[in-house]
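Enquirer: In our numbering, the protein residues as written are 216 to 624. Think of the CB as a built atom: it goes at the ideal place given N, C-alpha and C, for glycine as much as any other residue.
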Amino acid sequence: MKIKLHTKILIGLILGVIIGLVFGEKAKIIEPVGTIFLRLITMIVVPLVLISLMLGTASLGDLRKLGRIGLKTVAYFTVTTTIAISIGLFLANVVKPGEGLNEQVKAQLYANYQDKAEISIQRLEEKPSAIDILVGIVPTNPIKALIDGNMLQVIFLALLFGTVLTMIKKERADPLIKLLESMNDAVIQVVHIAMKLAPFGVMALIAAVIGQFGSEILITLLKYSLVVVGGLFLYTVGVNSLALGILARTNPLLFFKAVKEAMIVAFSTSSSNAALPISLECVEHIGVPRKYSSFVIPLGATINMDGTALYQGVSAVFIAQIYGIHLGIGGQITIVLMATLSSVGAAGVPTAGIITLAMVLKQIGIPLEGIALILGVERFLDMCRTTTNIIGDMACSVVIKKSEEKKST
Ligand code: ASP
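1. Counting by C-beta, which residues lie closer than 6 Å to a heavy atom of ligand 1, in chain order?
2. Can you tell which of Ile244, Val264, Phe371, Phe471 has its C-alpha closest to the C-alpha of Ile606?
3. Tell me the start and end of each unbroken alpha helix (DSSP H) in the stretch 314-387 that is at least 4 residues and wholly inside, in chain order.
4. Rounded to whole angstroms, what is the Cα-Cα separation between Leu542 and Ile346?
5. Going by DSSP in three states, Thr566 sits in which element: helix, strand or coil?
6. What residue range is occupied by the uninterrupted alpha helix (DSSP H) comprising Phe428?
7. Of all the alpha helix (DSSP H) runs that stay within the bounds of the stretch 429-511, which reach a length of 4 or more residues?
8. What are the boundary residues of the alpha helix (DSSP H) that Ala242 is part of?
9. Could you please give the first and the last residue of the uninterrupted alpha helix (DSSP H) stretch that includes Asp521?
10. Near Thr250, what residues of its chain come up, given a Cβ to Cβ distance below 7 Å and the 5 sequence neighbours on each side ignored?
11. Hey, could you find the ends of the alpha helix (DSSP H) Gly303 is sitting in?
12. Taking DSSP as the reference, what is the three-state secondary structure of Pro390?
13. Report the three-state DSSP secondary structure of Lys262 (helix, strand or coil).
14. Any contact between the stretch 230-239 and the stretch 487-502? By contact I mean 3 or more CB pairs, one from each, below 8 Å.
15. Using 8 Å as the threshold, is the stretch 513-527 in touch with the stretch 559-572, meaning 3 or more CB pairs across them?
16. In terms of residue numbering, what span does the alpha helix (DSSP H) encompassing Ala554 cover?
17. Whose C-alpha, out of Asn365, Val474, Val551, is nearest the C-alpha of Thr178?
18. Hey, would you say Val614 sits closer than 8 Å to Tyr291, going by beta carbons?
19. Go through its chain and collect everything with a Cβ distance to Val443's Cβ below 6 Å, but skip five positions before and after it.
20. List the whole-angstrom C-beta distance separating Glu584 from Ala332, where the pair is believed to meet the contact cut-off of C-beta under 8 Å.
21. What is the rounded straight-line gap between the Cα of Ser335 and the Cα of Gly276?
22. Around the C-beta of Pro513, are 16 or more other C-beta atoms found within 10 angstroms, so that it is buried, or is it exposed?
23. For Leu391, I'd like the list of residues in its chain whose CB is within less than 8 Å of its CB, leaving aside the five on either flank, ordered along the chain.
24. In angstroms with no decimal places, state the Cα-to-Cα distance between Lys617 and Asn519.
25. By the three-class DSSP mapping on this structure, what secondary structure does Ile586 have?
26. Could you name the residues of the same chain whose beta carbon sits closer than 7 Å to that of Pro582, not counting the 5 residues immediately before and after it, in chain order?
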């Protein structure tokens, strides 16, 4: 009997949990297997996005169409992120996870995580402004953009060169398009090879995380963690299902079945970027062609962080509650605006959301040191919110495909 790949990856995940629990910190020995897998999928992200988005743009062949898809995508991401953070705020205000955390626990959390919190706060100082981010989308050196893996710049390059391919003479453009098609096939083949390694990679990554992770800290911060995870679950299943059902007339069950592999990879790597190649594969299973997914998903991995925004909403209220700071309606609205904006600035890499959380806290005057209180469960919550983030990107690609198809019929 042939076991399907997603079943193998799931078995890898379960084995990883068991190995982590049994061997504790010693499980770190197998981490290099996971790191190799992670490096392999990370390596392929830039060529994959560049080539498939160039081809996708060239096949759309129309700047207006591209502009329309861009606007719809950004609108979708903005609305869903706002809903996500509102759910986070609502739950945190009702459950009040920050009330009842005693002084002793608080002092201990500070003692253990203050140094790490300092690092995030320092990195906040280096964060560019919104205008800088916007201006920075245009690279001065295309090669440097690729080397740095600056995703917004790579997207810009691909859109630009894909578009100009439709503007030059067809007989000049065709050889290049053919070459790109061959390169695209080759790159996708690398993704397939990486996927074969996924069960082992996932097992090793999860074993190392579980082995290092103290369950006591999870118990200390249980109420807070449950609010975040519960909110993410509610949002991920509820809002995405509604969007898929209403906007894309797609059965959410079929969708979740198709994207399982990407979910597990996002969960075990805590990185939307690393999961990107697998996300592109998965949506193909439910009929989203590359010409849409190669635009929506890389853009989403970079600017759409609905899970992160929800997490930031809960965390900001949690920290405020611990410090006894009352957040009025104005404070809450500021959180919605800031978290929506800052999620655009968060890169799709592990713990990026912590730096942008510092931005949100600063804006509403909550002490930044409060971050030390939640760092103990950061890795676990990062795994969960990253999964939500990429599901949002993939759901958006289905919605966009549907609405574009409607337009052309
Ligand atoms: N790790 C998240 C992602 O890659 C970003 C975050 O830290 O919230 O989507």
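Expert: On the basis of the data shown:
1. For ligand 1, the residues with a Cβ under 6 Å from any of its heavy atoms are, in chain order, Ser485, Ser486, Ser487, Met520, Thr523, Ala561, Gly563, Val564, Pro565, Thr566, Ala567, Gly568, Asp597, Arg600, Thr601, Asn604.
2. Locating residue 606 in the sequence shown gives position 391, counting from the first residue. Residue Phe471 is the option with its Cα nearest to Ile606.
3. Within the stretch 314-387, the complete alpha helix (DSSP H) runs of at least 4 residues are 318-340, 345-350, 357-363, 366-382.
4. As a first step, residue 542 is located in the sequence shown; it is residue number 327 there, counting from the start. As a first step, residue 346 is located in the sequence shown; it is residue number 131 there, counting from the start. Rounded to whole angstroms, Leu542 to Ile346 spans 28 Å at the Cα level.
5. Within the sequence shown, the letter at position 351 stands for residue 566. DSSP, reduced to helix, strand and coil, places Thr566 outside both helices and strands of the structure shown, so it counts as coil.
6. The count along the sequence shown starts at 1 and reaches residue 428 at position 213. Taken as a continuous stretch (DSSP letters only), Phe428 belongs to no alpha helix (DSSP H), as it is neither H nor E.
7. For the stretch 429-511, whole alpha helix (DSSP H) runs of length 4 or above, ordered along the chain, are 430-435, 437-448, 467-473, 475-484, 487-500.
8. Residue numbering aside, residue 242 sits at position 27 when the sequence shown is read from its first letter. Premise fails: Ala242 is in no alpha helix (DSSP H) and is neither H nor E.
9. Numbered from its first residue, the sequence shown carries residue 521 at position 306. Looking at the DSSP string, the run of the alpha helix (DSSP H) that includes Asp521 is 521-537.
10. Counting from 1 along the sequence shown, the entry for residue 250 is found at position 35. The answer is none, since no qualifying residue turns up.
11. Here residue 303 is taken as the residue at index 88 of the sequence shown, counted from 1. Per DSSP, Gly303 is one residue of the alpha helix (DSSP H) stretching across 278-310.
12. Counting from one through the sequence shown, the residue named residue 390 turns up at place 175. The answer is helix: DSSP assigns Pro390 an H, G or I state.
13. Residue mapping note: residue 262 aligns to position 47 of the sequence shown, counting from 1. As written in the sequence, residue 262 is Pro, which differs from the Lys given in the question. Shown here, Pro262 sits in a helix according to DSSP, grouped into three states.
14. When Cβ pairs closer than 8 Å are counted between the two stretches, the stretch 230-239 is seen not to touch the stretch 487-502, the count staying below three.
15. Segments in contact, yes.
16. Translated into the one-based positions of the sequence shown, residue 554 becomes position 339. Secondary structure note for Ala554: its alpha helix (DSSP H) is the uninterrupted segment 544-560.
17. Look at the range of the chain in this structure, 216 to 624, and you will see that residue 178 is not part of it.
18. Your numbering for residue 614 matches position 399 in the sequence shown. Your numbering for residue 291 matches position 76 in the sequence shown. Closer than 8 Å, so yes.
19. Translated into the one-based positions of the sequence shown, residue 443 becomes position 228. Here the set comprises Tyr526, Val529, Leu596.
20. Numbered from 1 along the sequence shown, position 369 holds the residue referred to as residue 584. Numbered from 1 along the sequence shown, position 117 holds the residue referred to as residue 332. With a Cβ gap of about 6 Å, Glu584 and Ala332 count as contacting.
21. One-based indexing of the sequence shown puts residue 335 at position 120. One-based indexing of the sequence shown puts residue 276 at position 61. Ser335 and Gly276: Cα-Cα distance of roughly 43 Å.
22. For this step, residue 513 is matched to residue 298 along the sequence shown. With 16 or more other Cβ atoms within 10 Å, it is buried.
23. If you number the sequence shown from 1, residue 391 lands on position 176. Contacts found: Leu380.
24. In the sequence shown, residue 617 corresponds to position 402, counting from 1. In the sequence shown, residue 519 corresponds to position 304, counting from 1. It is roughly 20 Å from the alpha-carbon of Lys617 to the alpha-carbon of Asn519.
25. Within the sequence shown, the letter at position 371 stands for residue 586. Reduced to three states, the DSSP call for Ile586 is helix.
26. Within the sequence shown, numbered from 1, the residue matching residue 582 stands at position 367. Hits under 7 Å: Tyr538.
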